[in-house]
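A short worksheet on the structure shown next.
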Amino acid sequence: MYERWALTALLVWPLVAGLGVMVLPAPRARAAALVASLVEFAISAPLWWTFVPDGGMQFLADYAWIPAWGIRYTVGVDGISLFMVLLTTFLMPLSVLGSWNIPRRQPAFFGLLLILTTGMIGVFVSLDLFLFYVMWEVMLIPMYFIIGVWGGDNRLYAAIKFFIYTMFGSLLMLVAILALYTAAGRATGTYSFAYTHLLSQATQPGPTAWWLFGAFFLAFAIKVPLFPFHTWLPDAHVEAPTAGSVILAGILLKMGTYGFLRFALPLFPGVALHETVQFAIVALSLVGIIYGGLVAMVQPDFKKLIAYSSVSHLGFVMLGIWALTLQSVQGALLVMINHGISTGALFFLVGMIYERRHSRMIDAYGGIARVVPLFAAILTVVSLSSIGLPGTNGFVGEFLVLLGAFRHYPVATAIATTGVIIAAAYLLWALQRIIFNPLTDPENERLTDLTPRELLVLVPLLACIVWIGVYPKPFLRRMEPAARALIEQVRPAPLP
Amino acid sequence: MTGTAADFVWLAPLLALAGFVLNGALALWRPAAKTAVSVIGVGVLVGAFVVAVLTFRAFAGLETDVPLLFRYWSWMPVGELQLDVALQVDQLSTVMLLVVTGVGSLIHLFSVGYMREDPGYARYFAYLNLFVFFMLVLVLGANFAVLFVGWEGVGLCSYLLIGFWFTETVNADAGRKAFVVNRIGDFGFLLAMLMIFWATGSLDFGAVFGQAPAAFDAGGAAITGITLLLFLGCTGKSAQIPLYTWLPDAMQGPTPVSALIHAATMVTAGVYLVARCGVLFALAPLSSAVVAGTGALTALFAATIALKQWDIKRVLAYSTISQLGYMFLAVGTGGAAMAAGIFHLATHAFFKALLFLGSGSVIFAMHRAYHATHSPEDAQDMRNMGGLRRFMPWTAMLMWIATLAIAGVPFFSGFFSKDEILAAAFARGTVHPQWLVFWAIGLVAALLTAFYMTRLMLYTFHGPNRTGERERQHLAEAPWMMTGPLLVLGVLSAVGGLLNLPALWGGNAWLHHWLEPVTESAVVDAVPPLSHGTEWVLVGIAVAVAVLGVVGAWRLLKPAGLVPAREAPAERGFQRVLRNKWYVDEIYDALIVRPIVWLSREVLWKRVDQRLVDGAGVNGAARAARAWGALGTRLQNGQVGVYVALFVVGVLLVLWRAIG
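If you're matching them up, the sequences are chains A and B in order.
Residues in the first sequence are numbered from 6 upward in steps of one, following this note's numbering.
Residues in the second sequence are numbered from -6 upward in steps of one, following this note's numbering.
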């Protein structure tokens, strides 16, 4: 039974709960939102145990939606989307708890967070391209408001930039989806947006395939973000409230790389593996890794530093995806998960210190390890995971990406490996200027250490950092068949 | 499973890890519980040492040439890659296990006295225990990836302990520098792992070394690249040219840390790695020569800098770099010299730990004296010392033992190990002449070693005292908690040569034979053994050099002419170049660090990112869209005449299309 309704429940529940939370009085809204997000997590948890790693889609639900146009409500997960769904439901309760004292209009804020959940999960489970497009757009709206209403001083600029930039990419994607739909319809006589249907028609490369791939590429590349489509990210990250930054980094960016894995690669294998495209994407990944890291190094604003570090981490993901070996793809999936955990934790930590001191500037701090030792210890652990110290989650992901990618792109991988040096340079430098060095500002003397509520937010993330670092097998085992299926689907394609 | 005590080898790292967890919790929530911290911190180490001894005895009892493998759980199983969390017990790892836990126990004990008054006592022991955990993972790991966990883990602890007194920028800087420079080396290590995997299909030591001769062309590009990249990792971790610059700065950490991490154990990890991968290096003669040559050069280069340092710990730091150079000269020479390298690793752990802990006692006493009078003088500057043997006779005597050992005076431990390295280099030189150059460089470095160590002793313990009238009354020997471990290390430094007493001296070369299962596969090419006559001549030269260094320093240097640091004039000419460490830090800073930061900030961020991509690109597109819109608004201006005119133009266009 669970198999049939699980995903639908995951989509409907947060939407209903979100609308409900919005009309609650302020003091009760956050508690209700926490319960609602925990229920959501509870609904998703059995996915982990009942998922059978066989490479196919599971927990399928399929109903007609707009039969006249061949639009259906089809949802399902495989070993790729499973983890994105779980990551989403895992981060949501933490985001609610981490936004406990958000100023202004709490019911609306928590309601939007829950509605956003529907959109995000929808993106990861949709197996109908029209449904996928709807979800892709749905998710933009709550995020727009979260940044625009609860954000920092420059929130409107950031929100509009985020919205228009993403919209620009996704509209082109809509055109491409419609083109695929009509082409497949003409060829087979069946007009349908079903993923499997379009996939079966997607093997002939030609000039159209290039244009369509380009449209998908742009939509996803903006979301990842790949250099040079990344500049919305620092603005959005910095201006968004803590939960917004966590979700942006933790989940929204993964929609881009997920899109490449689920759509751009399998639908256009000929184009994606064309020499020029391969070269361009690997090159852009490398630029992301190195350029992102170097620019992160010189940021005076800690949130901006983390934003640029995301560009660097996602570069590893793209390299892993395009190398298309078992190790690199699974590594890329792990980096996607790890980035959600570690960067999420970093944003939570910045948010916590910001609530006390109202500054994101690295220079505003210094020497606070003496005043807030627990905060300092956790920030250190999270930073180390972010720079990929062996024994933490960060290492496992990056190592697998590099190992797998080396097989096809040895030179590019060697260049990418310098990213581990740059990562150490920018994060440890920032760490030093925040928690070490002399404590000069008397305002920092009065900082208080983490509260139990804040610990409750961070401890699950810390547990994952160690778990994935030491024993990633449960993750790898579940994703391997899906990764294998993807590679087999894409690799044998004849090169145009 | 062997049914012996060796099966429980996992207890050694686990004990250290438990110590970290407990002490870490105390550091956060009960930092004042110093007794509990001491009992846990030292207890787990002594426990680990007991485990090490039992493991060693059990393994020796098995009399096997095959390593014992213990697989615990599957770590990264992905397709062809099957990585396990696994430990390995063999001849090499048991020696390392004993050195790490044995010397480690003594240094932990010393720390109880040395760090007693520090408010960060619990945090200190937490880090120190964590370090031992990672070090044991490093020496016990059964594949490259597990070794790498320890490799980067010890780097982390080094980072945390160098910057232990983090409220001073210079300390935090030094810690970060250590980590980042090490990461440059780790970049090499990582790449080497990738290449090894795709060449041999495994990262397990057994499989890799077993397949290496078939998988690689001897002397080919692949194996040469792999071994050079591995060696890049070693130059970071073991502070060799060109990545040695972090180690002198690492002296900012507490002195027992310098003894444990930056002298006896962690910095020898690179030597261990080359010895462990002896099979690979044997296949790459070029790389072996690079290892040996870099080692010899580093030994000399660091020794020249040590000549002109005034900070007692900095002298020892450069001395450590120099001695590590000898070890690389040995393992780069390959074959039996591998054992000589490990031999020197062990004796160096004894005498250098003793020297560092002794200098710790000195600094402890100096610091207490200056503290009593609230004097701001430098407690580590030798120009402020002098004549300390009258106040701390035990420390003086024990440090003299270590000095004679490191100088290579017969029959102290360092004499045997260093002599063996130089003899092996000379022997290889009879086949490959470049090794004769390495031998000669090593000999000159030995002369300098004897000289700068005697200088250190002379300025610290002899001549008149320069500490100051009032301070002098407060100078005293450190408590027994600290002197006790020194005594044990003193005995080891004196008689440690027995570990591997060569046949020339009527010994049975125990360590040499013990390590044979590991080193025999690392034979590069047959080197004819030296005749006894040649060996005696070499010994004679080495002894002459050592004695010349000690006596020369004793005769040339005049401690009576020194003045306290405050009044000392600046050095001039070449002395200043040495004093400023050949300006290498400044050169790196000007050529690498600053250009990268400038490029990142001024070019990449401000120009490319802000102005070009975001300014011209994204916001430019937005401006263009707005301008286009403004054009549209301009058209809709409410003047009917304009509308009519446009309408007419439109109709004409349509007609023209329809007709044409």
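A virtual CB, placed ideally from N, CA and C, is assigned to each residue, including glycine.
Under the three-state DSSP convention, the category residue i falls into
i	result
A/A66	strand
A/W105	coil
B/Q427	helix
A/V287	helix
B/R64	strand
A/L500	Note that A/L500 has pLDDT 40, beneath the 50 cutoff, so the model's placement of it is unreliable and no number is given.
A/P72	helix
B/G263	helix
B/A372	coil
B/S231	coil
B/G134	strand
A/P443	coil
Distance between residue j and residue i (C-alpha atoms, nearest Å)
i	j	result
A/T247	A/G194	49 Å
B/L449	A/I286	59 Å
A/A374	A/L310	20 Å
B/F52	A/I256	51 Å
B/A252	A/V154	56 Å
B/A214	B/T228	21 Å
B/P557	B/P457	11 Å
A/W216	A/F268	14 Å
A/L96	A/M125	12 Å
A/L20	A/L12	13 Å
B/R116	B/G34	10 Å
A/L102	A/L121	16 Å
Short Cβ contact (9 Å threshold) for residue i with residue j
i	j	result
B/Y363	B/E464	yes
A/L407	B/L183	yes
B/A672	B/L129	The structure shown does not extend to residue 672 of chain B, since chain B spans only -6 to 653, so no value can be given for it.
B/V96	B/F294	no
A/F258	A/S315	The displayed chain sequence assigns Leu, not Phe, to residue 258 of chain A. Yes, Cβ-Cβ distance for A/L258 and A/S315 is below 9 Å.
B/I298	B/M375	no
B/G263	B/N122	no
B/T402	B/V543	Looking at the sequence provided, one finds Val at residue 402 of chain B rather than Thr. Yes, the Cβ-Cβ distance between B/V402 and B/V543 is below 9 Å.
B/L654	B/A185	As displayed, chain B neither begins before -6 nor continues past 653, which places residue 654 of chain B out of reach and without an answer.
B/F523	B/A438	Here residue 523 of chain B is Leu; the residue named in the question, Phe, does not match the sequence. No, these two residues do not count as a Cβ contact at 9 Å.
Residue i versus the options, residue with shortest Cα-Cα distance
i	options	result
B/T396	B/A651, B/V430, B/D179, B/G351	B/G351
A/G264	A/F232, A/V300, A/W216, A/V322	A/V322
B/G72	A/G293, A/S333, A/R110	A/S333
A/W489	A/M89, A/K166, A/I326, A/R375	The identity of residue 489 of chain A in the sequence shown is Arg, whereas the question assumes Trp. Checked all of A/M89, A/K166, A/I326, A/R375; the closest Cα to A/R489 is A/I326.
B/V147	B/R604, B/M259, B/A638	B/M259
B/M385	B/A215, B/D371, B/H467, B/G545	B/H467
B/S312	B/G271, B/A537, B/S231	B/S231
A/W70	A/Q63, A/L43, A/T79, A/F64	A/T79
A/A382	B/G379, B/A119, B/E595, B/L90	B/A119
B/A416	B/L531, B/V637, B/E110	B/L531
A/A199	A/I182, A/P212, A/W237	A/I182
B/T527	B/T193, B/T423, B/S151	B/T423
B/F209	B/Y152, B/P278, B/F224	B/P278
B/A398	B/P457, B/M474, B/G490, B/L322	B/G490
B/H506	B/L74, B/D111, B/M331	B/M331
B/V307	B/G246, B/V641, B/E110	This sequence places Arg at residue 307 of chain B; Val is not what is there. Answer by Cα proximity: B/G246.
B/G325	B/S151, B/Q427, B/A138	B/Q427
A/F221	A/L12, A/I252, A/F273	A/F273
Supposed close pair residue i, residue j - CB separation, criterion 8 Å
i	j	result
A/G402	A/G336	5 Å
A/G23	A/L119	3 Å
B/L436	B/V538	6 Å
B/F444	B/A546	5 Å
B/H525	B/L494	Contact doesn't hold; Cβ gap of about 15 Å is too wide.
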